[in-house]
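Encoded as structure tokens, the structure appears first; notes follow it.
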Amino acid sequence: MFGPPHDLLVGRPPGDSWSGQAGCAGNSSAEVAALAAELTALREVLAQREQALAIQARRLQAATERLEQRIARLEESEGQFRTAFDRSVIGMAQADPQSLRLLRVNERFCRITGYTEAELLGGMTLSDLVHFENRTRPPSCCQATDGEAGSIETRCMRKDGSFIHVQLDCVMTEPVPGRPVRLYAVLQDITERRATAERQALLAREVDHRAKNLLSVMQSIIRLTSAPDLQSYKQAIEGRISAVARAHSLLAAERWRHAKLRRLVREELAPYDAAAKRVRLSGPELLLLPGAVQALAMVLHELATNAAKYGALSVPGGSLSLGWEVAESEGLLYLRWQEQGGPPVQAPTAARRGFGSRVIAATIEEQLGGRIAMAWDPAGLRCDIAIPLSRVIPGRRRPLPP
């Protein structure tokens, strides 16, 4: 119908084009114009659609790039999580929130429990590991929901059957369509931490006990001390408190486990023997129990104070000797205090028996369960003491013979 007239095509080479507006066989000029307009409109529509497709393509490309970036970030986050999970210094596990079946564990979790990864992931649950008081229901820390964390401290049974104290913290992932909810558990071995806390509690109780005991001793010293005037009373109180303080310092240096007898004697007699020439000591080195240290400190102080006031240490030429020995067969520690070169000694009357004598007798007989014998020899006071080894030396159990 359309195209160039036949006579115009004759004699033209193949492929030659014709750009004229030849008529259409059997069609008017109006029809041709209408068709041309329709073609123009069609081209415009096609151009618009092509432009729209180009815009959509650019948007799709941008969305694809964003998706690829998000995937890359997720992969990076997953890698970081995997690294943190696997290399964490605390035990970590992933479990099914309903059955508590372990789905994933790290190396530290395996070390704490004593099981291999294959054993833990072979069907074991958190309930198989943690010693819950009621095994018929899940522990409260495993019932946390909506991202809230739960925590308990309990005992964990290791593969070898031993128990350790652990802290179990659990958190549930938030529900997301198409993604299973998981329970994440953090397991920490707190056995040493609990032991430390128990030691601190024991230490606090021990400090409280010792403080009360010390206050009781101070109260007794103040109540029973007598003196003719205020200054003498003050000096007596200060001397006795200083004796207790020196004993406490020796015990504190050994963490209140024991103290050496020889050092205790030197500490208590040092104020009266500055040149270390008037006091002679003899006897083996012995470790004393804390209670014996405080008791003997008071006894030594009272004997030394008496010697400084009335006995061998009250004159320049006086001296004293203190010796001790262990009688294993008898289960006794013997001590002998002997003064020489002092003023003539006279036995005190019952009316003149002061606080010092009462302290010595009460300490040896009542506190240490021993015996004491005082001999007021004119040449010098002699004091013989026998104390059960079980009351003064660690590890001894033999009682004082009747």
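All residue numbers in the sequence shown are consecutive under the numbering used here, ending with 404.
Ideal Cβ positions, reconstructed from N, Cα and C, are used throughout, including at glycine.
Tell me the DSSP secondary structure of residue i in three-state form.
{"i": "R160", "result": "coil"}
{"i": "Y274", "result": "helix"}
{"i": "A249", "result": "helix"}
{"i": "R51", "result": "helix"}
{"i": "R264", "result": "helix"}
{"i": "R384", "result": "strand"}
{"i": "P292", "result": "helix"}
{"i": "V281", "result": "strand"}
{"i": "V394", "result": "helix"}
{"i": "V107", "result": "strand"}
{"i": "D88", "result": "helix"}
{"i": "S234", "result": "helix"}
{"i": "M174", "result": "strand"}
{"i": "P118", "result": "According to the sequence provided, residue 118 is Thr. The question's Pro does not apply to it. Coil."}
{"i": "R201", "result": "helix"}
{"i": "V168", "result": "strand"}
{"i": "L185", "result": "strand"}
{"i": "R259", "result": "coil"}
{"i": "S101", "result": "coil"}
May I have the straight-line CA-CA distance separating residue i from residue j, to the nearest angstrom?
{"i": "K311", "j": "I366", "result": "22 Å"}
{"i": "V107", "j": "L62", "result": "41 Å"}
{"i": "I389", "j": "L291", "result": "13 Å"}
{"i": "L298", "j": "G116", "result": "52 Å"}
{"i": "P380", "j": "P350", "result": "13 Å"}
{"i": "E406", "j": "V183", "result": "Residue 406 falls outside the range modelled here, since the chain spans only 3 to 404, and no answer is possible."}
{"i": "Q202", "j": "R195", "result": "10 Å"}
{"i": "Q58", "j": "V47", "result": "16 Å"}
{"i": "Q50", "j": "L41", "result": "14 Å"}
{"i": "I362", "j": "A199", "result": "40 Å"}
{"i": "R265", "j": "R360", "result": "25 Å"}
{"i": "A245", "j": "E270", "result": "7 Å"}
{"i": "A306", "j": "G320", "result": "12 Å"}
{"i": "E368", "j": "M300", "result": "14 Å"}
{"i": "D67", "j": "R75", "result": "First, the amino acid is wrong: residue 67 is Glu here, not Asp. Cα to Cα, E67 sits roughly 12 Å from R75."}
{"i": "L263", "j": "H250", "result": "14 Å"}
{"i": "Q173", "j": "D210", "result": "The sequence shown places Val at residue 173, not Gln. Straight-line Cα distance between these residues: approximately 41 Å."}
{"i": "A54", "j": "A32", "result": "33 Å"}
{"i": "E256", "j": "A197", "result": "21 Å"}
{"i": "I395", "j": "L289", "result": "6 Å"}
Would the C-beta of residue i count as close to the ligand COA, meaning under 7 Å from any of its heavy atoms?
{"i": "E208", "result": "Judged by which ligands are present, the structure shown has none, so any question about the ligand COA falls away."}
Looking only at its chain, what residues have a beta carbon closer than 7 Å to the beta carbon of residue i, apart from the 5 residues adjacent to it on each side?
{"i": "G397", "result": "none"}
{"i": "G308", "result": "The sequence given here places Asn at residue 308; Gly does not occur at that position. For N308, where only same-chain residues beyond five positions count, the Cβ hits under 7 Å are G358."}
{"i": "W378", "result": "V347, Q348 and A349"}
Who are the near neighbours of residue i in its chain, counting only those whose CB is closer than 6 Å to its CB and skipping five residues on each side?
{"i": "K435", "result": "Since the first residue shown for the chain is 3 and the last is 404, residue 435 is missing from the structure and cannot be characterised."}
{"i": "Q169", "result": "E155, Q190 and I192"}
{"i": "P346", "result": "P380"}
{"i": "I114", "result": "G93, L189 and D191"}
{"i": "W326", "result": "G285 and L337"}
{"i": "R84", "result": "none"}
{"i": "D275", "result": "V281"}
{"i": "R373", "result": "A388"}
{"i": "M376", "result": "C385"}
Please return the same chain residues whose Cβ sits closer than 8 Å to the Cβ of residue i, not counting the five positions on each side in sequence.
{"i": "D162", "result": "G116"}
{"i": "R399", "result": "For R399, the predicted structure reports a pLDDT of 49, less than 50, and the residue's modelled location is therefore unreliable. A value from the coordinates is still provided. So the qualifying residues of the chain are S392."}
I want to know whether the stretch 200-212 touches the stretch 109-125 - three or more CB-CB distances under 8 Å. no
Are three or more beta carbon pairs between the stretch 83-93 and the stretch 184-200 nearer than 8 Å? yes
In chain order, which continuous runs of the alpha helix (DSSP H) of length 4 or greater are located wholly inside the stretch 307-365? 357-364
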